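**Student:** Got a structure for you, written out below as C-alpha cells; questions coming shortly.
Residue numbers (this note's numbering): 24 to 156.
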C-alpha cells in the first residue's frame, strides 16, 4: 500500500476538479436520500455524529476544490470564490431539504457544520497542499 501512495497523491492532484465534482454529487445523493433510509440512532448520538459527517463531507469537497485552484493563474481570487461556492452549496442543499426533497428536513446546525468543514479546509490548506506536493 505504501508504494501506491505517491501514485494516489499525483492522481488526486491531477484530477482534483473532477473528483470535487464527483464528491459534490455524492453529497447531493446523500442529502437527497429520504429520511426513512438513513440509519437511526438515539438523538444525542446522532446529533454529534451527524454534524461530524456534514463537516467531513464539506472538508473533503473544499479540499479537493482548493487543490484544483492551484492550477489557476488568479489563485487568491479563485480560492475565495471556491470557498464561498462550497458554503453556498451547503446552504442550497439545506434549503432543498426543506422545500423540495421528500422526508428530509433542513437544519441550520447542518449548515453551520457544512460551513465549518469548508472553513477548516481553508485554514489547513497549506498543510493539505504540502501533502500533495
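Note that beta-carbon positions come from the ideal geometry of N, C-alpha and C, so glycine has one too. Just so we're clear, the structure is a prediction, and the values are computed from it rather than from any experiment.
1. Check whether the Cβ atoms of residue 126 and residue 81 sit closer than 7 Å, and answer yes or no.
2. So, for residue 139: in the same chain, excluding its five sequence neighbours on each side, which residues have a beta-carbon less than 7 Å away from its beta-carbon?
3. Need the endpoints of the alpha helix (DSSP H) that residue 29 sits in, please.
4. Checking 7 Å against the spacing of the C-beta atoms, do residue 144 and residue 85 come in under that value?
5. If we call anything under 7 Å between Cβ atoms a contact, is residue 148 one with residue 89?
6. Output the distance between the C-alpha atoms of residue 128 and residue 44, rounded to the nearest integer angstrom.
7. How would you write the range of the alpha helix (DSSP H) that residue 137 sits in, first residue to last?
8. Which runs of the alpha helix (DSSP H) at least 4 residues long sit entirely within the stretch 67-131? Give them in chain order.
9. Short of 6 Å in beta carbon distance, which residues of its chain neighbour residue 150, apart from the five on each side in sequence? Order them along the chain.
10. With distances taken from CA atoms, which of 123, 120, 142 and 98 is nearest residue 110?
**Tutor:** Quick answer:
1. The answer is no: Cβ separation not under 7 Å.
2. The answer, listed in chain order, is 78.
3. That run of the alpha helix (DSSP H) goes 28-37.
4. Residue 144 is a Cβ neighbour of residue 85, given a cutoff of 7 Å.
5. The Cβ atoms of residue 148 and residue 89 sit closer than 7 Å to each other.
6. The alpha-carbon atoms of residue 128 and residue 44 are separated by roughly 24 Å.
7. 131-146 is the extent of the alpha helix (DSSP H) around residue 137.
8. Runs of the alpha helix (DSSP H) inside the stretch 67-131: 98-122.
9. Closer than 6 Å at Cβ, skipping near neighbours: no residue.
10. For the set 123, 120, 142 and 98, the Cα lying nearest the Cα of residue 110 is the one of 142.
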